[in-house]
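Beneath this line is the structure, given in structure tokens, with notes to follow.
Here you go:
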């Protein structure tokens, strides 16, 4: 017998033998959660609160936090992933904000994005027309069918209102358009849905203020805070020591049938359960890291591939001296290049980390992928060359250090966060969220209104846990909403 055949047979036998073990022992359902990022930890907390405590969390990396990740650079901890509490001071309370600002009291700073337009190098231009068009786009989106079938791209909306009908024509126009859209969604207007971004649900619900987290404990501290409410931790170090959390467990295969699941990891370990919640990124689902047996149905695979996994890269540079402007209204500055997104969005850390002499420049999409594939020394040279063009009358020294996160190249993430593209309506979105038998799915990409955000991941974890418990305890299956008014609601099976 071939080794591959033997392994497959062993998985089937293990699945059959253990499929009812937890129920027979009177412990209730056993749920395996793949991933210890925000959504996975949030789902586990929701299950624990409901009395489902036979939970096993398998995390591919050696840490808890997922795309919330601090990194020591130049003597300070910087956030290479999620960094802002986006959506504060609105009619609703962003659920992340009380944890950050009150419970944990993480250092955070209001980001002065209003001053960006006055710090464009080398030119300046008012963008009242862009504000007007964006408002018109929001009104147009509100008149569209709620299903999303009438949706258009942001670029199509700009053309409709005769705003840059052929796209931005000058470097300044391009830089400001980039700041307005790419800097938020990590993809250009031609790719991004109008109906699901105008108005942006996060801003409409939670407010337009954004708070930058700059705490040496890291933004990931909120995930540890949630995890410690149901997982055992060491009192001195704060590390999670609960045996229900297993780190460095790379899931490569999920076998499932009507009676249970078996999750197999790269080290040839196998874990059986009644249900599994997959909380990996959308990028991982779009890759071949995890094999599902049997293969996921066509409708599920198509839904997964219809959404975009965007790339948003924050590059950190340390200098021996400070040469950039500081003070009120000088937190952000923009480089207007003839090449869209070429080292365009710069941020000073003088307020957050005084004396650190660290700048952060953000790139996205194609520039992110290009930079990930080149040596860091080349990236450093390119970035410093841009700074010398921005400040020709100042001495700009060589950077002494650089850090380039590589989210796209990392097989455990394959990108930064999801973006809702044109051509996808709420029918496909429900398919993305929908379970397949005993396999359930969660993650920021499954948050209908807040995909791409930390609060989206947090709420999605709870939502997916509720979908699972409804299925277990109430025998209520997840319903996919109709594609249009003439279709019957179908249950995902």
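Residue numbers (the working numbering): 933 to 1425. Glycine is no exception: its CB is placed at the ideal position from the N, C-alpha and C atoms.
Nearest-angstrom Cα separation, counted from residue 1372 out to residue 1002: Taking the chain shown and counting its residues from 1, one reaches residue 1002 at position 70. Taking the chain shown and counting its residues from 1, one reaches residue 1372 at position 440. Between residue 1002 and residue 1372, the C-alpha separation is close to 29 angstroms.
Near the ligand NAP: residue 1251 beta-carbon under 7 angstroms from a heavy atom: This structure simply doesn't include the ligand NAP, nor any ligand for that matter.
Inter-residue spacing [alpha-carbon to alpha-carbon] between residue 958 and residue 1387: Here residue 958 is taken as the residue at index 26 of the chain shown, counted from 1. Here residue 1387 is taken as the residue at index 455 of the chain shown, counted from 1. Model confidence at residue 958 stands at a pLDDT of 43, short of 50, so the residue's coordinates are unreliable and nothing is read from them.
Identity of the residue in 1021, 1004, 1331 nearest residue 1312 by Cα: Walking along the chain shown from the start, residue 1312 turns up at place 380. With distances taken between Cα atoms, residue 1312 lies closest to 1331.
C-beta contact flag for residue 1143 and residue 966 at 8 angstroms: Here residue 1143 is taken as the residue at index 211 of the chain shown, counted from 1. Here residue 966 is taken as the residue at index 34 of the chain shown, counted from 1. Going by C-beta atoms, residue 1143 is not nearer than 8 angstroms to residue 966.
Classification of residue 1378 by the beta-carbon crowding that lies within 10 angstroms, buried from 16 upward: Counted from its first residue, the chain shown places residue 1378 at position 446. By the 10 Å Cβ count, residue 1378 comes out buried.
Cβ pair count under 8 angstroms reaching 3, the region 1209-1227 against the region 1290-1305: no
Bridge partners - residue 1053, DSSP secondary structure assignment: For this step, residue 1053 is matched to residue 121 along the chain shown. According to DSSP, residue 1053 bridges with 1267.
For residue 1115, three-class secondary structure by DSSP: Numbered from 1 along the chain shown, position 183 holds the residue referred to as residue 1115. If DSSP states are grouped into helix, strand and coil, residue 1115 belongs with the helices.
Proximity to residue 1087 [Cα-Cα], best of 1074, 1186, 1127: Position 155 of the chain shown holds residue 1087. Out of 1074, 1186, 1127, 1127 has the C-alpha closest to the C-alpha of residue 1087.
Burial state of residue 934 (16 or more Cβ within 10 Å): By 1-based counting over the chain shown, the position of residue 934 is 2. Because the pLDDT at residue 934 is just 39, under 50, the model does not fix this residue reliably, and the value given afterwards should be weighed accordingly. It counts as exposed.
Beta-bridge partners of residue 1221, as assigned by DSSP: By one-based count along the chain shown, residue 1221 stands at place 289. Bridge partners of residue 1221: none, in fact.
Cα-Cα separation between residue 1138 and residue 1026, rounded to whole angstroms: Translated into the one-based positions of the chain shown, residue 1138 becomes position 206. Translated into the one-based positions of the chain shown, residue 1026 becomes position 94. Computed Cα separation, rounded: 6 angstroms.
4 or more residues per run - each alpha helix (DSSP H) lying fully within the region 1196-1266: 1214-1217, 1230-1238
Cβ contact check for the region 1117-1127 and the region 1150-1166: 3 or more pairs under 8 angstroms: no
Of the listed residues 1028, 1105, 1321, nearest to residue 1060 (C-alpha basis): In the chain shown, the residue the question calls residue 1060 occupies position 128. Comparing Cα-Cα distances from residue 1060 to each of 1028, 1105, 1321, the minimum goes to 1105.
Presumed contact (8 angstroms Cβ cut-off) between residue 1148 and residue 1231, rounded CB distance: If you number the chain shown from 1, residue 1148 lands on position 216. If you number the chain shown from 1, residue 1231 lands on position 299. So it is not a contact: roughly 46 angstroms between Cβ atoms.
Whole runs of the beta strand (DSSP E) within the region 1316-1398, excluding any shorter than 3 residues: 1333-1335, 1349-1351, 1371-1373
Rounded straight-line distance, which links the Cα of residue 1194 to that of residue 1071: The count along the chain shown starts at 1 and reaches residue 1071 at position 139. The count along the chain shown starts at 1 and reaches residue 1194 at position 262. Cα to Cα, residue 1071 sits roughly 49 angstroms from residue 1194.
For residue 988: DSSP bridge partner residues: For the purposes of this step, residue 988 is taken as the residue at position 56 of the chain shown. Residue 988 pairs with 964.
Contact belief for residue 1376 with residue 1349 at Cβ below 8 angstroms, rounded distance in angstroms: As a first step, residue 1376 is located in the chain shown; it is residue number 444 there, counting from the start. As a first step, residue 1349 is located in the chain shown; it is residue number 417 there, counting from the start. The Cβ separation is near 6 angstroms, so the contact holds.
Closest by C-alpha distance to residue 1151, when choosing among 1324, 1097, 1233, 1029: Here the question's residue 1151 lines up with position 219 in the chain shown. It is 1029 whose Cα lies nearest to the Cα of residue 1151.
Per-residue DSSP class, three states only, for residue 1156: Position 224 of the chain shown, counted from the start, is the residue given in the question as residue 1156. In the structure shown, residue 1156 sits in a helix (DSSP, three-state: H, G or I).
Close-in-space but distant-in-sequence residues of the same chain around residue 1294 (CB under 6 angstroms, 5 per side omitted): The count along the chain shown starts at 1 and reaches residue 1294 at position 362. 1246, 1277.
Contact check, residue 1351 vs residue 1081, beta carbons under 8 angstroms: Translated into the one-based positions of the chain shown, residue 1351 becomes position 419. Translated into the one-based positions of the chain shown, residue 1081 becomes position 149. The answer is no: Cβ separation not under 8 angstroms.
Backbone secondary structure at residue 1312 - three-state DSSP: Numbered from its first residue, the chain shown carries residue 1312 at position 380. Looking at residue 1312 - three-state DSSP - the assignment turns out to be helix.
Cβ neighbour criterion (16 or more within 10 Å) applied to residue 1321: Numbered from its first residue, the chain shown carries residue 1321 at position 389. Burial call: exposed.
Same chain, Cβ closer than 8 angstroms to residue 1173, neighbours up to 5 away in sequence not counted: Sequence index remark: in the chain shown, residue 1173 carries index 241 (1-based). Correct list, in chain order: 1164, 1165, 1166.
Residue 1257 versus residue 964 - alpha carbon distance: Within the chain shown, residue 1257 is the residue found at index 325, counting from 1. Within the chain shown, residue 964 is the residue found at index 32, counting from 1. Residue 1257 and residue 964: Cα-Cα distance of roughly 51 angstroms.
For residue 1178, the three-state DSSP class (helix, strand or coil): On the chain shown, residue 1178 is found 246 positions in, with the first residue counted as 1. In the structure shown, residue 1178 sits in a strand (DSSP, three-state: E or B).
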